[in-house]
Each structure stands twice: as structure tokens, then as C-alpha cells.
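Trainee:
2 protein chains.
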Amino acid sequence: MKTPICLSPCSGGNAEDPSADDPYIDFTKASYDFEVTQILDKIEQIQTQKNQTGDFSPILVGLQFPEGLKKHAVELSFLIENITGASVLISADPCFGACDLDAALISKTDVMFHFGHAQLEHTDLEKKVCFIETRSKVDVNPAILSALALLPEKKIGLVTTVQHVHQLENVKSILEDAGKTVVIARGDSRTPYPGQVLGCNFSAARPSKGDCDVYLFIGSGRFHPIGVALSSKKRVVCADPFFSEAFELDFRKFLMQRSAVIGNSMDAETFGIIVSTKNGQCREKLAQRLKEKANAHGKQAVILRMDLVTPDQMLNFPVGAFVNTACPRLAIDDSGRYPVPVLTPQEFEIVLGERDWEDLILDEILEGERE
Amino acid sequence: MKTPICLSPCSGGNAEDPSADDPYIDFTKASYDFEVTQILDKIEQIQTQKNQTGDFSPILVGLQFPEGLKKHAVELSFLIENITGASVLISADPCFGACDLDAALISKTDVMFHFGHAQLEHTDLEKKVCFIETRSKVDVNPAILSALALLPEKKIGLVTTVQHVHQLENVKSILEDAGKTVVIARGDSRTPYPGQVLGCNFSAARPSKGDCDVYLFIGSGRFHPIGVALSSKKRVVCADPFFSEAFELDFRKFLMQRSAVIGNSMDAETFGIIVSTKNGQCREKLAQRLKEKANAHGKQAVILRMDLVTPDQMLNFPVGAFVNTACPRLAIDDSGRYPVPVLTPQEFEIVLGERDWEDLILDEILEGERE
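Which chain is which? The protein sequence lines are A and B, in order. To convert, note that position 261 of the first sequence is 261 in the UniProt record's numbering; the numbers rise steadily by one, no gaps. To convert, note that position 190 of the second sequence is 190 in the UniProt record's numbering; the numbers rise steadily by one, no gaps.
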């Protein structure tokens, strides 16, 4: 059972997968590492353990994917069932991180494979979960070579997402060959790999963790580098390996957007404080503190508990503004889609006059905060 | 604390509420009975019990509303907190029935008030829940008088939703005064009131429960009466109290739509079998049986577990058709919004050739089925 094979057709486009034109997805050729051999080995091992207790019934295997990888779920389910004889259950709810484990599925299955994210916490929930981080196979070197032209500084801090952390030593060598000193700092326990950042955790980019002159972020999008810049107060250069290009981060537009949201909330008298029920996002104590802050400033507030935060759901609650304690990206990424302003906790403090505008940072969920 | 008062402004339209033009919603004037006095009494009683243990901290109160009533959540939260001193947490996730209790909120609170539905099951989950059924205050008599002209039959079966069950004895009197015999049958344990039907349970409309010549349904929409007609094989007359009108149910269009969905699934080779994780909808054994049926007919199937079933989520899974074992209304109400056909379990049996087309019925979740 060691060689993953392809068993059934899979439709649909697949932007990140060079094998998309092939009617059969070959996981071994995908641009992300699905670790199919390791998955099949793990299932065989758990089945063997079960058989040794005298129970020969097929084990139950759970699969959970983030949205961008869900298209592989059906194919992988057929592959696992056909090769191992295990029964597969697929988590079909939206999933955006290891903060969002399918607790019900974990309780139903002998093992659950969670794709696309590194382990975030170490509660009982994670004990039956195998994290398949789906590391990217993309070559980062061309983007790094482009970035060098934008890096006159001597001491460079390296940060990236889990999909590229295995490339950091290679990148370090390139930079050192160019005469640079490289810092790859370890963040808190929610980011297990040195140099790793999350959309809600930039602790690997604190000056206290290892000082540098500039940060080089490897990955896509502007959200993570903006967090790094606001957290570190340093210049950030971005190297995007998927487009083999580099650019200096400019986040003036971001600051203007957030300032508009804050300004638009100044007259609000009632606030809806959003608490996520997801395992790694649930910050009930913070929500309670924010409600008390609102009351102390003569404002009214309700606590709204929800799993998935969507603009549609918010329409039901007639408040002047929302404060989001769930995934920090929600307030930012979907800004403009909400019926009324959605603030981060830090922005809410600015609205209440408890924080200076200059101290605007991205919201983070840090080690120990949910304990 | 016996007299509910109004404390804060509430924005937004409110089609069913005659007090909508008033900037303050007065729950006692609303067209549905929110039982505010009883809610405040219950909270006071639980707080008193807590105080007697020497713990004088405010109790935690949960509120859960279906979508149409969520607009009252903020107002009611402020009212409860201001009058009783309790702390309120609002469930902001979508909710469509007593099959969809917020288990996480129940576990966090001293009591949870669930609005808009009667108690469905009697598991441990319901023990801390108060069901506020929000009975309608609308006058049903004009619609019943209109319906009489469409009811030449002698023996009339009465069915309705929980919002109007308290009117059935009154309706019975009107019909008896017109010379009719009236049957108000009790369904199974998921419909606690005689004559009550749900979108997923028409057991009060079985010939075996009390034979009649025709059914009179009191309420809005065509979904419930279609279920009654298919379940009972009887003619159904609908009396809509909100529009004070009556009409004979014609469901030819419905049959044509469902036939098209079935026909469109005939060539599917892979099926996604949807299982809901909601407390009163979760039919795992049925899903497993359907998967085995698919395999027995040479088809492939995966089991997809999800909380909220939406067309967007389905786009992630490349299958030829879905079979929905969650809320039976999903396949029907949103037909046309899905990327591929979504079948009920009974329709899937027709696709597989295990059921005659003439035996098409609406899917139901019946007493004992989830045990």
C-alpha cells in the first residue's frame, strides 16, 4: 500500500496544481505535499492496533481541508477507502485554520487528518488529529533573488507561512552568500516553526525575539506582511514565490481603510461583540472585558456567539458597530462587505479613546491568551 | 419585575410586527407572544436558586432565535440585563428549528431560551432549554370562513404549525357549527401538540392516526401542505391567516420540479451524502445505509458532514449529485441554487430503481429514527 495511486476522475479547475489538466489527480505530482504515503501508513498502523484488540471492523477516518484544498477531498476519500478498507467521513464545513478543528468529527473517528495548517494548540482536541501541513513544492529562489535588489540592509529577519518554512534554511544560505546576516526567530507556541507567522500571530517578528534591520516575508498576499510591519515597526519586503517577484510593502491604503472604519464607529452607541465558538479562536474573557469597557464608557453592548462570521448573519443584529474577537482577518479581509463597521479589539479601544491612533496594530491571538 | 418595559431603540423593518413604526419594540404588543413576563420570572427563579447556594454572581442567560426573530435579540438582551441583572449571551448562528439547538451555548449558560419552536426531542441537551414557542396572535377566523367554501366534504382533518396550534379548538368549533366532523390527530413525539406538523414530520396527517375526507392546513407557504398531501394521499385546503385567504393546494409544479431533479441524477456515478451535525437532524445510520445502497448499485459515494448546508459549500465537492439526510426542506426549498442535483433519500431510491416514481413522498425525520 506504499505507492499512492489515482483511482477516479476529478473535475474542476485547480489553479495551484500543475496536474490540473490530467483527468486524474496524482497527489504525488500536486504542487503541495499531501503526504499520501504517510497518511496510508498511519491508517494501516491504527487499523493494525485495532485488529490486535480482536476488533477487525474498518477504522473510521476523518478528513478536514481548508477551502482551497477541499476539491481534493472526494478523490482522497476514494483513494483511502479503496487502498486501506477504512471508512472515510469528510468535514464539509468551512475551515480556515487549525483554530477551526472539526470537534464533532474528531469525536466520531479513530483519526482525523487536518490539511493545510500546522498544529496550533495542545489541548485534548488535537490528540487524535494528524496535521498534514501541505508544504508547497514551489521554488522560492527566483523571488528571493529579486528581493535582494530591495534589501540594502545588512541584517534581515526572515518570516513566512507554514507552507514555506522548510525553505528558510535554503533562503538563509542565499542571503548569507550575498553578504547578509539572517535572523530566523522563534515565535510563541502557536507558531511551532522558527520564522513562521500566522494571520493572527506575528510573535516571530517581535524585535525582542531577534533584532534585524528589515523583514523579508516569503509568501502571497499582503495580510501577513502588514501584520509583521505593524508588529515590528520595521520595513518589510515581500517575496512571492508563486509569481517569482518581490516588492516593498506599502500599507498606506490599509491604514486609510482602517482609519475610515474607526472614524465611522465614533458615534455608535450600541456594539455587538462577536465571539467565535471555534476551538482556537474562542476568546470569551476578552469579549467580556470589551463589554465592560463599553459599559464604562456609557455604551451598550451585547455578546454574539457564532461559529462562522458572515455579513449576512450580522444583518440580524441592529447595532451601531461590531467588535470582532474571532479570527482577526475577518474584520480586515471582508471590510466593506459588512452592514456596519466591524472593528478589531484594538480599534475599539481607539474608538473609546483608550488607545492612540498611532498605536494601531493588527489583532493577534497569542500563546496563553485562551487559557 | 413583572411588567416588561422597553428600554432601547431598535432599527430595521419588521413585516410581521404591527408595532414596527414605534421606535421602541414593545414585546407585549408584538404579533407573536414572546412570553417576556414568563422569561423574566424564570430568570428570577434561577437566580434565587443560585443565591440560596451562597453564590450571588449574576446567572448567565442564553438566547437563541430563528432567523425571522433574530432582529429582536439585541432589544431583549438589553431588557433582560437591565431588569434582572443577569448576563446575556446571544446565539448568532443561523437557526431553523428545535433540531438546531446551540449546544455550546447551552453548556455555557444557566438557562437558554429557544424561540419559535416547540420542543422536539427529550435528550440531555433539552434539559436546560426553555422553549418559547412564540405563538401567533393573528386572527385565523377570516381565513377559516373563506376555507369553508372549498370544503364540501363532511370529515375534516385539521393540521397546523406550532404558531397556531392554540387556535385549533376554536377552528374546530367553527367547522362543527358548519355541520362538519373534525379530526385533530396526534402525531409522533416530535410533534407534541395534536394537529401539529413540522416541515420534517407529517405524522399527525397519517390516515392511521384518524381518517378524514380532506385536510385543512392553517398557516403560510406550500411546503407543509405538500407534505401533508403526499403523506396522506388526501386533498388539502390551505387557510392562510396572515392574508385571510384560502385556496386548494395544487402541487403539480412541485412534482414536475422534483421529477426533473431525479431525472437529472440518473447518470450520476458519484454521490455526496450529506449528514448534518445539528442535534435533531443528524442521521448517520441513514447516511451509511445510503452509501451502501450506492455501492451495491455500482456507484461511488462519500459522506460529507456539515453543520450549515449551503450551495457554496457544495461547490467544493466534485460529485454527480448530492443526497441530503439533513433538514428535508434543504433539498426542496433551495432547489435550483445548487451546482448539481440534491436529492432526498426517497428520491435517491427512485434514482437507484429501488422505489417507484409514484411513491414519491417528502422526507421525514420520525420518532425514534435518530436513536
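Every residue, glycine too, gets a C-beta built ideally from N, C-alpha and C. Values in this document were obtained by computation on a predicted structure and should not be read as measured data.
#1: Evaluate Met1(B) with the Cβ neighbour count: other Cβ atoms within 10 Å of its Cβ, from every protein chain shown; 16 or more gives buried, anything less gives exposed.
#2: Taking the straight line between their C-alpha atoms, what separation do you get for His72(A) and Pro311(B)?
#3: Does the distance from the CB of Cys95(B) to the CB of Gln119(B) come in under 7 Å?
#4: Residues of chain B with a CB under 9 Å from the CB of Asn279(A): which are they?
#5: Kindly list, in the order they appear in chain E, the residues whose Cβ is closer than 7 Å to that of Ile303(A).
#6: Whole angstroms is fine: what's the gap from Arg258(B)'s alpha carbon to Arg252(B)'s?
#7: Given that a residue counts as buried once 16 or more other Cβ atoms are within 10 Å of its Cβ, and exposed if not, what is Pro328(B)?
#8: Hey, would you say Leu89(A) sits closer than 7 Å to Ile303(B), going by beta carbons?
#9: Measure the C-alpha to C-alpha separation of Glu367(B) and Thr37(B) and round it to an integer number of angstroms.
#10: Does any residue of chain A have a CB that is nearer than 7 Å to the CB of Gln64(B)?
#11: Scan the stretch 120-186 of chain A and note each continuous alpha helix (DSSP H) run of 4 residues or more that stays entirely inside, going in chain order.
#12: Beta carbons nearer than 7 Å to chain B: which residues of the stretch 99-127 of chain A have them?
#13: Which residues in chain B sit within 8 Å of residue 447(A), going by Cβ to Cβ distance?
#14: Quick one, are the C-beta atoms of Thr325(A) and Arg283(A) less than 7 Å apart?
#15: Among Ile218(A), Val323(A), Lys233(A), which residue has its Cα nearest to the Cα of Thr270(A)?
#16: For a cutoff of 7 Å on Cβ pairs, would you count residue 433(A) as touching chain B?
#17: Mind checking which residues open and close the beta strand (DSSP E) that includes Ser276(A)?
#18: State yes or no: is the C-beta of Val351(A) within less than 7 Å of the C-beta of Pro241(A)?
#19: If Pro341(A) and Ser244(A) are in contact, beta carbons under 8 Å, what's the gap, nearest whole angstrom?
#20: Mind the definition here: the stretch 174-183 of chain A touches the stretch 145-163 of chain A only if three or more C-beta pairs lie below 8 Å; say whether that holds.
#21: Classify Asp363(B): buried if its beta carbon has 16 or more other beta carbons within 10 angstroms, exposed otherwise.
#22: Of all the residues that make up the stretch 315-341 of chain A, which are near chain B by a beta-carbon distance shorter than 7 Å?
#23: The alpha helix (DSSP H) spanning Arg258(B) covers which residue range?
#24: Gly199(A) and Ile184(A): beta carbons closer than 7 Å?
#25: Would you tell me roughly how many angstroms separate the C-alpha atoms of Ile59(A) and Leu125(A), rounded to the nearest one?
#26: Let's test the definition: count the other Cβ atoms within 10 Å of the Cβ of Leu151(A) and tell me whether it reaches 16, buried, or not, exposed.
#27: What number of angstroms, rounded off, separates the C-alpha of Pro207(A) from the C-alpha of Val182(A)?
#28: Can you tell me which of Gln313(B), Glu349(B), Cys99(B) puts its alpha carbon nearest to the alpha carbon of Asn295(B)?
#29: With the cut-off set at 7 Å, would you say Ala147(B) and Ala239(B) are in Cβ contact?
#30: Just to confirm the assignment, what range does the beta strand (DSSP E) spanning Arg190(A) have?
#31: Going along the chain, which residues of its own chain have a beta-carbon closer than 7 Å to the beta-carbon of His224(A), five neighbours each way excluded?
#32: For Lys70(A), which residues in chain B fall below 8 Å Cβ to Cβ?
#33: Which residues does DSSP list as the beta-bridge partners of Gln281(A)?
Mentor: In short, the structure shows the following:
#1: As a working note, residue 1(B) is residue 1 in the second sequence. Confidence at Met1(B) is low in this model, with a pLDDT of 37, below 50, so the placement of that residue is unreliable and no value is reported for it.
#2: In the first sequence, the residue the question calls residue 72(A) occupies position 72. In the second sequence, the residue the question calls residue 311(B) occupies position 311. Near 18 Å, if we compare the C-alpha coordinates of Pro311(B) and His72(A).
#3: Numbered from its first residue, the second sequence carries residue 95(B) at position 95. Numbered from its first residue, the second sequence carries residue 119(B) at position 119. No; because the gap between Cβ atoms is not below 7 Å, this pair is not in contact.
#4: Taking the first sequence and counting its residues from 1, one reaches residue 279(A) at position 279. Correct list: empty, because the minimum Cβ distance to chain B is about 11 Å.
#5: Looking at the structure shown, chain E is missing, and the protein chains on hand are A and B.
#6: Reading the second sequence from its first residue, position 258 is the one you call residue 258(B). Reading the second sequence from its first residue, position 252 is the one you call residue 252(B). Taking the straight line from one Cα to the other gives about 10 Å.
#7: Position 328 of the second sequence, counting from 1, holds the residue named residue 328(B). So Pro328(B) counts as buried.
#8: Position 89 of the first sequence, counted from the start, is the residue given in the question as residue 89(A). Position 303 of the second sequence, counted from the start, is the residue given in the question as residue 303(B). Yes; because the gap between Cβ atoms is below 7 Å, this pair is in contact.
#9: Here the question's residue 367(B) lines up with position 367 in the second sequence. Here the question's residue 37(B) lines up with position 37 in the second sequence. Rounded to the nearest angstrom, the two C-alpha atoms are 33 Å apart.
#10: As a working note, residue 64(B) is residue 64 in the second sequence. False, the Cβ-Cβ gap to chain A never drops below 7 Å.
#11: 141-148, 168-177
#12: Ala104, Leu105
#13: Given a span of 1 to 371 for chain A in the structure shown, any question on residue 447(A) remains unanswerable.
#14: Numbered from 1 along the first sequence, position 325 holds the residue referred to as residue 325(A). Numbered from 1 along the first sequence, position 283 holds the residue referred to as residue 283(A). Yes.
#15: Taking the first residue of the first sequence as 1, we reach residue 270(A) at position 270. Checked all of Ile218(A), Val323(A), Lys233(A); the closest Cα to Thr270(A) is Val323(A).
#16: No statement about residue 433(A) is possible, as the shown extent of chain A runs from 1 to 371 and does not include it.
#17: By one-based count along the first sequence, residue 276(A) stands at place 276. Ser276(A) -> beta strand (DSSP E) spans 270-276.
#18: Here residue 351(A) refers to the residue found at position 351 when the first sequence is read from its first residue. Here residue 241(A) refers to the residue found at position 241 when the first sequence is read from its first residue. No, the Cβ-Cβ distance between Val351(A) and Pro241(A) is not below 7 Å.
#19: As a position in the first sequence, residue 341(A) is number 341, starting the count at 1. As a position in the first sequence, residue 244(A) is number 244, starting the count at 1. About 38 Å; that fails the 8 Å criterion.
#20: yes
#21: To locate residue 363(B), count along the second sequence from 1; it is residue 363. Label assigned to Asp363(B): buried.
#22: Asn316, Phe317, Pro318, Val319
#23: Working through the second sequence from its first residue, we reach residue 258(B) at position 258. Start and end: 252-264.
#24: Residue mapping note: residue 199(A) aligns to position 199 of the first sequence, counting from 1. Residue mapping note: residue 184(A) aligns to position 184 of the first sequence, counting from 1. No; because the gap between Cβ atoms is not below 7 Å, this pair is not in contact.
#25: Translated into the one-based positions of the first sequence, residue 59(A) becomes position 59. Translated into the one-based positions of the first sequence, residue 125(A) becomes position 125. Their Cα atoms are separated by approximately 19 Å.
#26: By one-based count along the first sequence, residue 151(A) stands at place 151. The residue in question, Leu151(A), is buried, as its Cβ has 16 or more Cβ neighbours within 10 Å.
#27: Here residue 207(A) refers to the residue found at position 207 of the first sequence. Here residue 182(A) refers to the residue found at position 182 of the first sequence. Each residue's alpha carbon lies about 14 Å from the other.
#28: In the second sequence, residue 295(B) corresponds to position 295, counting from 1. Here the closest residue by C-alpha is Glu349(B).
#29: Walking along the second sequence from the start, residue 147(B) turns up at place 147. Walking along the second sequence from the start, residue 239(B) turns up at place 239. The answer is yes: Cβ separation under 7 Å.
#30: Taking the first sequence and counting its residues from 1, the one referred to as residue 190(A) is at position 190. Taken as a continuous stretch (DSSP letters only), Arg190(A) belongs to no beta strand (DSSP E), as it is neither H nor E.
#31: Taking the first residue of the first sequence as 1, we reach residue 224(A) at position 224. Result list for His224(A): Thr161, Val197, Gly199, Phe217, in chain order.
#32: In the first sequence, the residue the question calls residue 70(A) occupies position 70. The contacting residues are Asn316, Phe317.
#33: Start at 1 with the first residue of the first sequence, and residue 281(A) comes out as number 281. According to DSSP, Gln281(A) bridges with nothing at all.
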